[in-house]
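Residue numbers (the working numbering): 232 to 406.
Input: a single structure, listed below in structure tokens.
Written out as structure tokens, the structure reads:
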């Protein structure tokens, strides 16, 4: 009888508690385990957030998927610092000049065109630091594109894709 009472009390407590939060925490734990088993490090969310923070639609098209649309679902930092919207839901077109044949000259051109705009991209960085940043990011995207190509040939499990795609459960949005 005591066991039945304890069971009823436990079920009653669980049903009146914040089930959504518990469910979300449980799913987050499952995703963390799935990512770990799939080879992701404990720094997965931080590393992905770093690689996404300044990604543009042109970058996605160059390094990953040529036919991606403007409704791409890749969150990134808004480079318009005068806007109240800090994070964009879709990587935007940056206005890179496609008449240049290399990304390096496209980035150089963009940084130089925007160098007098106090509300663009990174504040308190010199031109050299801004150029270093875009080249650093291009290097990361180039390395990531190699891994992306290999994943296309040998896709991960459906569970892994679900966890990687849910930016809230995999904690990328918290980074």
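Where is the CB? At the ideal position from N, CA and C, for every residue including glycine.
None of these values were measured; they are calculated from a predicted model.
In three-state terms, what does DSSP make of residue 305?
coil
Hey, out of 364, 324, 268 and 356, whose CA is closest to residue 391's CA?
268
Proximity winner among 306, 321 and 340, relative to residue 330 (alpha-carbon distances):
340
Going by the CB atoms, is the gap between residue 369 and residue 334 shorter than 8 Å?
yes
Burial state of residue 354, where buried means 16 or more other Cβ atoms lie within 10 Å
exposed
Which same chain residues, not among the five before or five after residue 287, have their C-beta less than 6 Å away from its C-beta?
322 and 325
DSSP-derived helix/strand/coil call for residue 311:
strand
Going by CA-CA distance only, name the one from 364, 327 and 258 that's closest to residue 290.
327
Leaving out five residues before and five after residue 342 in sequence, what residues of the same chain have Cβ atoms less than 7 Å from its Cβ?
358, 361, 362 and 365
Exposure label - residue 294; buried when at least 16 CB within 10 Å
buried
Could you give the residue range of the alpha helix (DSSP H) that holds residue 298?
Note, residue 298: premise wrong, no alpha helix (DSSP H); not H, not E.
Do the segment 381-389 and the segment 344-351 touch if we need at least three Cβ pairs shorter than 8 Å?
no
Mind checking who residue 338 pairs with in its DSSP beta bridge?
Answer by DSSP bridge pairing: none, since residue 338 is not bridged.
Per DSSP, which one or two residues make a beta bridge with residue 351?
311
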